[in-house]
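Data first, discussion second: the structure below is written as structure tokens.
Numbering (the working numbering), first residue to last: 5 to 804.
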């Protein structure tokens, strides 16, 4: 009886521009592949023909195209041609044959013979045998890919069986070749990439073994040691089927191969699966050296416009990190907190080694601040070279403050022909938060302030003054990129997760200090050379958000005070305040500092772009057109008069005017003197105390009431509170007839209320501290004597 064997041949051809198509990639050659190898004489075989370009990627035809077919051996049934329909890349046909053959070679051609099966690695021969292994997936081995796309590092997603089949010698029908526990030799072959990495394939039958891969062969050699077969114990049931599973610790397109010898020195069974793709579980995308910040409170990463690199690794599955289809948890998405952490996943070393290496395209998505918008992500937007499954982009930059999420996808949307952009085999990569990105620098603009004097447009040298009401200087700080453009997304001065502004009350130097700072004014001292120093006590400035997102406004404190130093060089005639305030540094908590804006100059020329520092400070100009500084002093004069009338003692405040010291007629502000400011000493007209009671005749400091003179007394009175036109209005009451004496008057200031009115009256440095201006004046009030006329040399009172 004739054995009847059937051979089914499936041919898929993809022909585009080279076959009369227009546009797109040109076809270069036709790939031939089989659904199983070797072919069994008791079943059909499917063969796939596919048009490839020079990079071995499919291309499509744009019109119906005829493909001619022939074989090196005569087959029972085979079409001589097939037609590829417009827009398709494949065509199928069946053949049958009834006897064993070896090394059958199929030849195909299209486009008038211009395109053929010319690439030997894609033009395998096939044998037709009586017995063989078949790899079944979900109950079938028929079709272009019965073993479907798998996930690297994850156990296969289908029910897989290895079936041992032989042709019945009488009927020619297929039947079980193995029906019990048998050792089977298992190998895997790397199709694309054509070379395997050192990573193994875990194959499980009755037990699990590690299988080392073998490089691609034009026709797989089941007998060669280089094919790296490994023994696996397997159980075959009555139908000749043995269940197995595998886990591939790499990615790429591979084939499984099996062989075993039948009992009693029977023939050797062998068989191969279809070529199937094992894709990466996901793409681990990360910014090299990232700070790991997750919100505005996290550490800074890069300035806007500063270069950084993006790393990409094709990684393997890890338990608990993906859904059933093998997609990482949270991917793709917009909440980095939900993303699976792929940083510790094993890398797939063959990722990127494909015959046409896969490229990864990188894009950015805005994450924080919430009210911000996406900036420009430029430069390193692709990773085109991988080593051991990992690659790094060229230098990338980002243009706005905040945190972004970098998304990686397979550039052409396909991983070895499998849709990588959507569906169950999509390959996603999300970096999670990348940043914080900070300003490149700051620039300052000024709204000038106004000084205000203590009293009627003047302040005494040594007396503190401040700003006019609501007239403090304001300094607007603008966040900039490296090109000087205003910087968006610079939001949130209040801190916390949304706080991306890092300027505060301590950012501006020296305005952040609360201890005195001595600076040089533009006023020149008595030596006509040296600038007059000023002691400044700053209080923390106010810092508020401007309505414009990239600005912050500093308002200097209304409590700031300024005091010109009162020393020997300060004894100069009245002058107008000329005191610029200098910002010597502005630095935020990230260390980002300020530079001079375009157009900034100083005496040396342009300083635009230079750091604001002590060499080139930012000048806060002040307006004080009528505000003067007076070098002031107290002055007492002697007074003479009859004991029968009150006696006025001149106690005045003077200042050094352009022509010398004059009474300060503008001073109606200085607080009145009190009794405590006077120390009196009574001296009789004959220089002998009236009653010898010094406690009575010389009152205690601060006692100016009821001062005994002979048999009567006098009381001191201070009329003006405050001073009136620089005059205290001090006088003694009349003691009465016959009560004559001299009263020495020494001014006191034990409370240090008037340090700016001391003077060098005795040419002695009282404290040996270098400050000669340490004296208060004294004078004498005399009752019973008269000053006399300036032109009279001798005066005698008549006794009759």
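Note that the Cβ used here is the ideal one computed from N, Cα and C, for glycine as well.
Note that the structure is a prediction, hence the values are computed from the model and not measured.
Inside the region 660-733 only - alpha helix (DSSP H) runs reaching at least 4 residues: 698-701
Exposed unless 16 or more other CB atoms sit within 10 angstroms - verdict on residue 696: Position 692 of the chain shown holds residue 696. At residue 696, the pLDDT of 45 sits below 50, so the modelled position is not reliable and the matter cannot be decided from this model.
Spatial distance of residue 509 from residue 542 (CA atoms): Looking up residue 509 in the chain shown gives position 505. Looking up residue 542 in the chain shown gives position 538. One alpha carbon belongs to residue 509, the other to residue 542, and they sit about 11 Å apart.
Close Cβ partners of residue 353 (< 7 Å) along its chain, the five nearest in sequence each way excluded: Indexing the chain shown from 1 puts residue 353 at position 349. So the qualifying residues of the chain are 201, 203, 254, 392, 393.
Spatial distance of residue 226 from residue 189 (CA atoms): The residue labelled residue 226 in the question sits at position 222 within the chain shown. The residue labelled residue 189 in the question sits at position 185 within the chain shown. Each residue's Cα considered, the two are about 10 Å apart.
For residue 43 and residue 10, the rounded distance between their alpha carbons: Residue 10 sits at position 6 when you count from the first residue of the chain shown. Residue 43 sits at position 39 when you count from the first residue of the chain shown. A caution first: residue 10 carries a pLDDT of 32, below 50, which makes its placement in the model too unreliable to give a value.
Beta carbon of residue 537 nearer than 7 Å to that of residue 560: What you label residue 537 is simply residue 533 of the chain shown in a count that begins at 1. What you label residue 560 is simply residue 556 of the chain shown in a count that begins at 1. No, they are not a contact pair.
Residue 470 to residue 522 span [Cα, whole Å]: Position 466 of the chain shown, counting from 1, holds the residue named residue 470. Position 518 of the chain shown, counting from 1, holds the residue named residue 522. Those two C-alpha atoms are separated by around 15 Å.
For residue 598: DSSP bridge partner residues: On the chain shown, position 594 is the one that residue 598 refers to. The partner list for residue 598 (beta bridge, DSSP) reads 446.
Residue 412 classed as buried or exposed, judged by whether at least 16 other C-beta atoms fall within 10 angstroms: Walking along the chain shown from the start, residue 412 turns up at place 408. The residue is buried, with at least 16 neighbouring Cβ atoms inside 10 Å.
Residue 614 classed as buried or exposed, judged by whether at least 16 other C-beta atoms fall within 10 angstroms: The residue you call residue 614 lines up with position 610 of the chain shown. Exposed, since its Cβ has fewer than 16 Cβ neighbours within 10 Å.
Residue 478 versus 464, 468, 453, 459, residue with shortest Cα-Cα distance: For this step, residue 478 is matched to residue 474 along the chain shown. Comparing Cα-Cα distances from residue 478 to each of 464, 468, 453, 459, the minimum goes to 453.
Distance CB(residue 507)-CB(residue 592) smaller than 7 Å: Walking along the chain shown from the start, residue 507 turns up at place 503. Walking along the chain shown from the start, residue 592 turns up at place 588. Going by C-beta atoms, residue 507 is nearer than 7 Å to residue 592.
Distance, residue 84 Cα to residue 50 Cα: For this step, residue 50 is matched to residue 46 along the chain shown. For this step, residue 84 is matched to residue 80 along the chain shown. Whole-angstrom Cα-Cα distance: 16 Å.
Contact set for residue 719: own chain, Cβ-Cβ below 8 Å, skip 5 residues either direction: For the purposes of this step, residue 719 is taken as residue 715 along the chain shown, with counting starting at 1. The answer, listed in chain order, is 708, 709, 710, 711, 736, 737.
Close Cβ partners of residue 457 (< 6 Å) along its chain, the five nearest in sequence each way excluded: Position 453 of the chain shown, counted from the first residue, corresponds to residue 457. Answer for residue 457: 463, 469, 631, listed in chain order.
Collapsed DSSP secondary structure at residue 47 in the structure displayed: For the purposes of this step, residue 47 is identified with residue 43 of the chain shown, where counting begins at 1. Residue state, collapsed to three classes: coil.
Residue 832 - DSSP class collapsed to helix/strand/coil: The shown model of the chain, from 5 to 804, leaves out residue 832, and the question about it has no answer.
Validate contact between the region 256-265 and the region 315-335 using beta carbons, cut 8 Å, 3 pairs: no
Run of the beta strand (DSSP E) containing residue 272, from where it starts to where it stops: Numbered from its first residue, the chain shown carries residue 272 at position 268. Per DSSP, residue 272 belongs to the beta strand (DSSP E) from 272-276.
Three-state secondary structure (DSSP) of residue 189: The residue given as residue 189 occupies position 185 in the chain shown. Strand, per DSSP.
Beta strand (DSSP E) segment containing residue 570, residue limits: Counted from its first residue, the chain shown places residue 570 at position 566. Where residue 570 is concerned, there is no enclosing beta strand (DSSP E), given that its DSSP letter is neither H nor E.
Neighbourhood of residue 380 by C-beta, 6 Å cutoff - its chain only, sequence neighbours within 5 removed: In the chain shown, residue 380 corresponds to position 376, counting from 1. Taken in chain order, the residues that qualify are 403.
Residue from 195, 219, 213 with nearest C-alpha to residue 238: Walking along the chain shown from the start, residue 238 turns up at place 234. Nearest option by C-alpha distance: 213.
Counterpart residues of residue 512 in DSSP-defined beta bridges: Indexing the chain shown from 1 puts residue 512 at position 508. Beta-bridge partners assigned by DSSP to residue 512: 590.
Beta-carbon separation (whole angstroms), residue 576 vs residue 530, contact threshold 8 Å: Numbered from 1 along the chain shown, position 572 holds the residue referred to as residue 576. Numbered from 1 along the chain shown, position 526 holds the residue referred to as residue 530. Confirmed, about 5 Å.
Bridge partner(s) assigned by DSSP for residue 366: Residue mapping note: residue 366 aligns to position 362 of the chain shown, counting from 1. Paired residues: 412.
Residue 288 in three-state terms, based on DSSP: For this step, residue 288 is matched to residue 284 along the chain shown. Residue 288 falls in the strand class under three-state DSSP.
Residue 179 vs residue 35 beta-carbon contact at 7 Å: Within the chain shown, numbered from 1, the residue matching residue 179 stands at position 175. Within the chain shown, numbered from 1, the residue matching residue 35 stands at position 31. No, they are not a contact pair.
Beta-carbon spacing of residue 759, residue 596 below 7 Å: Numbered from 1 along the chain shown, position 755 holds the residue referred to as residue 759. Numbered from 1 along the chain shown, position 592 holds the residue referred to as residue 596. No, Cβ-Cβ distance for residue 759 and residue 596 is not below 7 Å.
Cβ of residue 655 within 7 Å of any chain D Cβ: Here chain D cannot be found, since the structure has a single protein chain.
Cα-Cα separation between residue 691 and residue 785, rounded to whole angstroms: Counting from one through the chain shown, the residue named residue 691 turns up at place 687. Counting from one through the chain shown, the residue named residue 785 turns up at place 781. In this prediction, residue 691 scores a pLDDT of 43, lower than 50, which makes its location untrustworthy; the coordinate-derived value is nonetheless stated afterwards. The alpha-carbon atoms of residue 691 and residue 785 are separated by roughly 14 Å.
Inter-stretch contact at 8 Å, needing at least 3 Cβ pairs: the region 159-166 / the region 56-74: no
Own chain partners of residue 618 with C-beta closer than 7 Å, once the 5 adjacent residues on each side are dropped: For the purposes of this step, residue 618 is taken as the residue at position 614 of the chain shown. Result list for residue 618: 588, in chain order.
Residue 280 and residue 330 closer than 7 Å at C-beta: Along the chain shown, read from residue 1 onward, the residue named residue 280 stands at position 276. Along the chain shown, read from residue 1 onward, the residue named residue 330 stands at position 326. Between residue 280 and residue 330, the CB-CB gap reaches or exceeds 7 Å.
DSSP bridge partner residues for residue 100 (one or two, in chain order): Here residue 100 is taken as the residue at index 96 of the chain shown, counted from 1. BP columns for residue 100 point to 81.
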